[in-house]
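With the first letter of the sequence shown counted as 1, position 11 gets the number 287 in our numbering; the numbers rise by one all the way through. All C-beta atoms in this analysis are idealised placements derived from N, C-alpha and C, irrespective of residue type, glycine included. All of these numbers come straight from a predicted model, not from anything done at the bench.
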Amino acid sequence: MAKGWPAILVDGPVRLRPLRRRDAQAWLELRAQNAAWLEPWDATSPVPVEGPRPTFNQFVRMLSAQARSGVSLPFAVDHAGELVGQVTVSSITYGSLRSASIGYWLSQHVAGRGIMPVAVALAADHCFTALGLHRIEINIRPENGPSLRVVEKLGLRDEGVRERFLHIGDRWCDHRTFALTAEEVPEGLLARYRRTHPSP
């Protein structure tokens with residue numbers, strides 16, 4: 277197994293864990309219920325994909341293989357025992373860069389409760405400690421208000437706009453990049469967040 281995987285990260289009712297095949301029904305229902313909420317921000321391929329879409333089991337196997345090889349950490353997000361979203365650490369790079377990107381989605385029915393800032397902080401702290409990374413970044417569409425609030429609450433640095441950064445829908449879309457290095461949070465990102473947002 278790769279460094280730092282598998283892992284279960286917990287803070288109060290928020291738990292990050294590996295996505296499992298038995299999550300299929302809950303995950304598929306959640307994505308269907310949140311299609312209008314999530315699809316405007318979902319990355320797509322600029323090259324037409326032929327053939328049937330992968331099954332959920334194939335999707336989980338692909339994510340698990342990426343995790344075992346050390347290039348990604350695909351976490352399911354549970355809140356009070358209910359699957360409510362996903363956090364994925366991707367593009368994990370070592371060497372002189374030691375960096376990764378974090379992406380996330382959350383069901384609309386629990387948005388605004390402080391779940392995702394805690395989940396992202398747990399993932400970032402895991403990157404800095406268990407993986408020994410130096411930098412994490414999050415790329416967000418400028419129009420995506422709920423995602424922007426997550427990085428604002430966490431106090432990540434705004435590094436500006438990357439033009440035509442990611443393909444979404446039928447076009448290349450600008451994204452704002454937010455970043456954090458280990459030196460900025462020697463006590464951990466979650467601890468810094470908790471100083472101004474105590475757990476309920």
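Of the listed residues Pro418, Pro422, Arg471 and Lys429, nearest to Trp313 (C-alpha basis)
The residue given as residue 313 occupies position 37 in the sequence shown. The residue with the shortest Cα to Cα distance from Trp313 is Pro422.
Under the assumption that His402 contacts Leu285 (Cβ atoms under 8 angstroms), give the Cβ distance between them as a whole number of angstroms.
In the sequence shown, residue 402 corresponds to position 126, counting from 1. In the sequence shown, residue 285 corresponds to position 9, counting from 1. That belief holds up - the Cβ atoms of His402 and Leu285 are roughly 6 angstroms apart, short of 8 angstroms.
Indicate whether Ser475 and Gly288 have their beta-carbon atoms separated by less than 9 angstroms.
By 1-based counting over the sequence shown, the position of residue 475 is 199. By 1-based counting over the sequence shown, the position of residue 288 is 12. In this structure, Gly288 lies closer than 9 angstroms to Ser475 by Cβ.
Does His473 come out as helix, strand or coil in the three-state DSSP assignment?
The count along the sequence shown starts at 1 and reaches residue 473 at position 197. DSSP places His473 in coil when its eight states are reduced to three.
How far does the alpha helix (DSSP H) with Gly334 in it reach, from first residue to last?
Position 58 of the sequence shown, counted from the start, is the residue given in the question as residue 334. Correcting the residue type first, residue 334 is Gln in the shown sequence and not Gly. Start and end: Phe332 to Ser345.
Euclidean distance between Cα positions of Glu419 and Ala395
Looking up residue 419 in the sequence shown gives position 143. Looking up residue 395 in the sequence shown gives position 119. Distance between the alpha carbons of Glu419 and Ala395 is about 22 angstroms.
Which one of Thr453, Trp281, Phe441 and Gln334 has the shortest CA to CA distance from Val347?
The residue labelled residue 347 in the question sits at position 71 within the sequence shown. If we check each option's Cα against that of Val347, Trp281 comes out closest.
Could you check where the beta strand (DSSP E) with Leu382 kicks off and where it finishes?
Along the sequence shown, read from residue 1 onward, the residue named residue 382 stands at position 106. Note, Leu382: beta strand (DSSP E), Ser375 to Leu382.
CB-CB under 7 angstroms to Leu304, same chain, minus the five flanking residues each way: which ones, in chain order?
Along the sequence shown, read from residue 1 onward, the residue named residue 304 stands at position 28. Cβ neighbours of Leu304 beyond the five flanking positions: Phe332.
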